[in-house]
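Asker:
There are 2 protein chains.
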Amino acid sequence: MMRSITLRQLEVFYETAALSSLSRAAEKLHLTQSAASMALAQFEAYAGGPVFTRLGRGLQLNDRGERLFPEAARTLESYDRFLSACEDNGPLKGRVCVGASTTIANYCLPELLGKFTAKYPGAEVSLRVGNTDEMAALLRAGEADFAVVEGEVSGGDILLRNWRRDELEVLTHPSHRLAGRKTVRLAELACEKWILREQGSGTLSTLQNVLSASGLRLQHVREIGHTEAIKRAVEGAMGISCLSALAVRREAIAGSLAVLKLSPPLYRWFSIITVRDRYQSRVSKALQKWLAGK
Amino acid sequence: MMRSITLRQLEVFYETAALSSLSRAAEKLHLTQSAASMALAQFEAYAGGPVFTRLGRGLQLNDRGERLFPEAARTLESYDRFLSACEDNGPLKGRVCVGASTTIANYCLPELLGKFTAKYPGAEVSLRVGNTDEMAALLRAGEADFAVVEGEVSGGDILLRNWRRDELEVLTHPSHRLAGRKTVRLAELACEKWILREQGSGTLSTLQNVLSASGLRLQHVREIGHTEAIKRAVEGAMGISCLSALAVRREAIAGSLAVLKLSPPLYRWFSIITVRDRYQSRVSKALQKWLAGK
DNA sequence: GTATGGCATCAAAAATAATGATGCGAAGCA
DNA sequence: TGCTTCGCATCATTATTTTTGATGCCATAC
């Protein structure tokens with residue numbers, strides 16, 4: 035049949051080119067890597083030839099791709115404008131209350147929500163912070179429209195969609211014996227002095243999951259309930275910790291802390307959760323959609 | 035699932051609006067009417083509300099649709115530009131020989147081929163005329179790249195794609211007893227004096243098919259091998275005839291002939307035929323594609 | 001009032017896209 | 001250098017979407 039290029043393929047091409055990475059494009063588009071790979075392959079077939087050169091383990095736009103890229107961008111942009119036109123029933127207006135677990139509420143959402151309200155001045159966005167279980171309760175009680183959490187699903191009435199992937203990293207004092215290394219394996223860290231978030235936090239439970247899966251136990255653990263306090267403690271050489279990459283980016287750059295990646299790396303999903311079948315206001319839907327695209 | 039509007043739906047919306055008819059849009063897009071209807075229904079669902087008002091047996095853009103239409107046009111245009119960019123391996127260049135049966139070669143193709151060569155000056159298009167069987171032979175002999183015909187398929191090695199639908203109409207002298215009517219049924223015409231195209235012409239065989247299906251036979255038939263000569267003969271009140279609507283449009287408008295629609299109407303397809311598995315040059319593919327979009 | 005044109009709807013079939021598992025080569029790290 | 005991970009491709013299978021052909025329904029033309 036005389037099939038042609040689909041929007042999906044166009045998106046995959048665009049994002050892959052923009053991020054120079056098929057996997058990350060797939061992630062952004064909420065696709066599996068294989069789906070993205072296939073879409074790209076079809077795209078190249080229909081577009082009349084390859085648009086990337088495969089070098090080693092990466093992709094790079096070739097001349098052809100370079101030429102096509104701006105056109106693809108324009109087309110997708112035009113399509114987005116169309117969708118906006120569809121949804122434009124007057125400017126966005128109304129309240130929406132978002133729940134978020136600690137790490138997300140501190141290091142991720144404020145900036146995003148700021149941009150959103152800047153773009154839609156009629157929207158009043160409020161933010162409530164807590165751990166995952168508290169979020170589920172908040173939603174059920176109708177005190178938040180949706181929530182962004184680090185944890186697992188918590189009941190059949192809660193609908194979960196993966197949003198972004200987050201990586202947990204190990205932080206140590208810059209003078210720590212491991213500070214020069216880029217990666218460490220968890221086993222090497224079992225007898226370190228640990229400073230971790232409290233029971234019930236998403237960060238801790240993610241860590242505990244892999245530990246128990248590999249039969250490890252941490253020996254010296256001290257709990258501190260605040261991410262910032264933990265970082266100060268590590269800066270004070272009181273031990274090492276494990277936090278979201280998001281939470282330590284600033285210190286990693288400043289050099290006040292040494293940040294090592296785990297090997298194998300420890301990923302987890304940030305997810306958007308809602309109550310199944312609960313009505314979502316227009317602002318709430320708009321905000322969720324907007325977040326999904328970020 | 036958080037599905038969204040597809041290009042197909044966009045096209046259906048656009049064409050339906052442009053032609054004020056879902057069926058004709060379906061035809062143009064080479065879809066069945068039901069596929070188009072469903073696509074439009076989905077479009078309206080995703081677009082957040084109806085875009086047409088259903089009045090009696092037609093569709094008409096409502097305010098919402100009116101607002102969305104130009105955006106849709108822009109998006110599709112942008113998409114087309116992208117496709118062109120894909121196919122742009124330098125300007126089109128080379129010869130292509132098109133076969134066509136009489137009616138099409140006279141009343142349809144010249145204008146289209148003219149536009150095509152105006153758009154792609156590097157393309158040299160030539161046209162060969164004959165009846166359907168001659169066309170098949172021409173293709174097999176490699177003397178034409180593809181052909182546009184009025185008839186049926188003529189062998190397993192010939193690939194056929196419907197292109198446009200054509201309607202056969204009855205023409206009479208303006209003073210003929212039926213000339214005031216808008217429609218006639220074939221049975222009323224059995225004993226008229228007929229002037230028809232020769233055996234082997236697509237027009238005649240289409241007519242013969244319905245006649246034999248309804249058990250009718252025409253009594254007074256005179257054959258004339260040229261469409262224009264037939265029209266002159268009818269203008270001279272020498273009888274009535276039946277020709278493609280395309281062939282009589284000019285006279286119908288000028289009023290030099292009376293043109294009546296048959297009831298039930300008599301449709302047939304113009305088709306593009308090619309030899310299966312035969313290589314098609316870039317120009318030939320481009321021309322076929324371009325024609326398909328017209 | 002009978003026939004017809006035009007759209008909607010349905011169940012079934014066909015086509016397409018997405019997934020999870022797996023393979024393979026290139027880099028990073030000890 | 002050997003081991004491991006990263007990133008992409010590919011495969012078979014499953015899920016989803018699109019298309020079709022058959023009907024139904026209403027409004028309009030004759």
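Chains as they are written, first to last, in this note's numbering: chain W, 35 to 328; chain U, 35 to 328.
All C-beta atoms in this analysis are idealised placements derived from N, C-alpha and C, irrespective of residue type, glycine included.
Starting from S160(W), trace the beta strand (DSSP E) both ways and give me its first and last residue.
Answerer: If you look at S160(W), you'll find it in the beta strand (DSSP E) that goes A157 to G164.
Asker: Going by DSSP in three states, Y301(W) sits in which element: helix, strand or coil?
Answerer: strand
Asker: Quick check: Y154(U) and L126(U), are their CB atoms within less than 8 Å of each other?
Answerer: yes
Asker: Mind checking who F86(U) pairs with in its DSSP beta bridge?
Answerer: L95(U)
Asker: If you measure between the beta carbons of A221(W) and L250(W), is that distance less than 8 Å?
Answerer: yes
Asker: Would you mind working out which of Q94(U), P299(U) and S305(U) sits nearest V244(U), comparing C-alpha positions?
Answerer: P299(U)
Asker: Do you know how far the Cα of E186(W) is from the Cα of I192(W)?
Answerer: 10 Å
Asker: Given a cut-off of 8 Å on the beta-carbon distance, is the pair I264(W) and V183(W) in contact?
Answerer: no
Asker: I'd like the span of the beta strand (DSSP E) that includes N196(W), first residue to last.
Answerer: Segment I192 to T206, the beta strand (DSSP E) holding N196(W).
Asker: Just how far apart, CA to CA, sit W303(U) and T240(U)?
Answerer: 10 Å
Asker: Across which residues does DSSP place R256(U) in a beta bridge pair?
Answerer: I229(U)
Asker: Mapping the DSSP letters down to three states, classify C120(U) as helix, strand or coil.
Answerer: helix
Asker: Tell me the DSSP secondary structure of K295(W) in three-state form.
Answerer: strand
Asker: Is the segment 128-140 of chain U close to the segment 164-184 of chain U, with three or more CB pairs under 8 Å?
Answerer: The segment 128-140 of chain U, when compared against the segment 164-184 of chain U, does touch it at the 8 Å Cβ threshold.
Asker: Does any residue of chain W bring its CB to less than 8 Å from the CB of M35(U)?
Answerer: Reliability fails at M35(U), whose pLDDT of 45 lies under 50, so the model's placement of it is uncertain and the value that follows must be treated cautiously. Not an interface residue.
Asker: Whether or not the segment 282-297 of chain U and the segment 168-183 of chain U are in contact is what I'm after, with contact meaning three or more pairs of Cβ atoms, one per stretch, closer than 8 Å; do they touch?
Answerer: no
Asker: Could you compute how far the alpha carbon of M35(U) sits from the alpha carbon of R58(U)?
Answerer: In this prediction, M35(U) has a pLDDT of 45, which is less than 50 and means its spatial position is unreliable; what the coordinates show is noted afterwards. Spanning the two alpha carbons is a distance of roughly 31 Å.
Asker: Please return the same chain residues whose Cβ sits closer than 7 Å to the Cβ of E78(W), not counting the five positions on each side in sequence.
Answerer: Around E78(W): P84 and V85.
Asker: Is the CB of L300(U) under 8 Å away from at least one CB in chain W?
Answerer: no
Asker: Just confirm the distance between the C-beta atoms of L230(U) and L296(U), as a whole number of angstroms; I'd bet it's less than 8 Å.
Answerer: In fact, because the Cβ distance is near 14 Å, the residues do not count as touching under 8 Å.
Asker: Per DSSP, what kind of secondary structure is S174(W) in: helix, strand or coil?
Answerer: Reading the sequence as shown, one finds Arg at residue 174(W) and not Ser. In the structure shown, R174(W) sits in a helix (DSSP, three-state: H, G or I).
Asker: Given a cut-off of 8 Å on the beta-carbon distance, is the pair W228(U) and I258(U) in contact?
Answerer: No, the pair does not count as a contact, with Cβ atoms beyond the cut-off.
Asker: Taking S71(W) as the reference, which of Q94(W), A320(W), T50(W) and A271(W) has the closest Cα?
Answerer: T50(W)
Asker: According to DSSP, A181(W) sits in a beta bridge with which residue or residues?
Answerer: G133(W) and I307(W)
Asker: Would you report the Cα separation of P208(W) and A119(U), rounded to the nearest angstrom?
Answerer: 53 Å
Asker: Determine the closest residue to L44(U) out of L89(U), T87(U) and D114(U), with distance taken between C-alpha atoms.
Answerer: For the residues L89(U), T87(U) and D114(U), the minimum Cα distance to L44(U) belongs to D114(U).
Asker: Quick one: Cα of S135(W) to Cα of R101(W), how far?
Answerer: Each residue's Cα considered, the two are about 43 Å apart.
Asker: Taking 8 Å as the cut-off, decide whether the C-beta atoms of V130(U) and S248(U) are in contact.
Answerer: no
Asker: Where R198(W) and T109(U) are concerned, what is the direct C-alpha to C-alpha distance, given to the nearest angstrom?
Answerer: Rounded to whole angstroms, R198(W) to T109(U) spans 29 Å at the Cα level.
Asker: Below 8 Å between beta carbons is the criterion; list the residues of the segment 77-109 of chain W that meet it against any residue of chain U, in chain order.
Answerer: Y80, A81, G82, R101, L102, E105, A106, R108 and T109
Asker: By the 10 Å Cβ neighbour count, where 16 or more other Cβ atoms means buried, how is K328(W) classified, buried or exposed?
Answerer: Under this definition K328(W) is an exposed residue.
Asker: Take R174(U) as the anchor and find which of V204(U), G133(U) and E105(U) has the nearest alpha-carbon.
Answerer: G133(U)
Asker: Over the uninterrupted alpha helix (DSSP H) stretch that includes S68(U), give me the two end residues.
Answerer: Q67 to Y80
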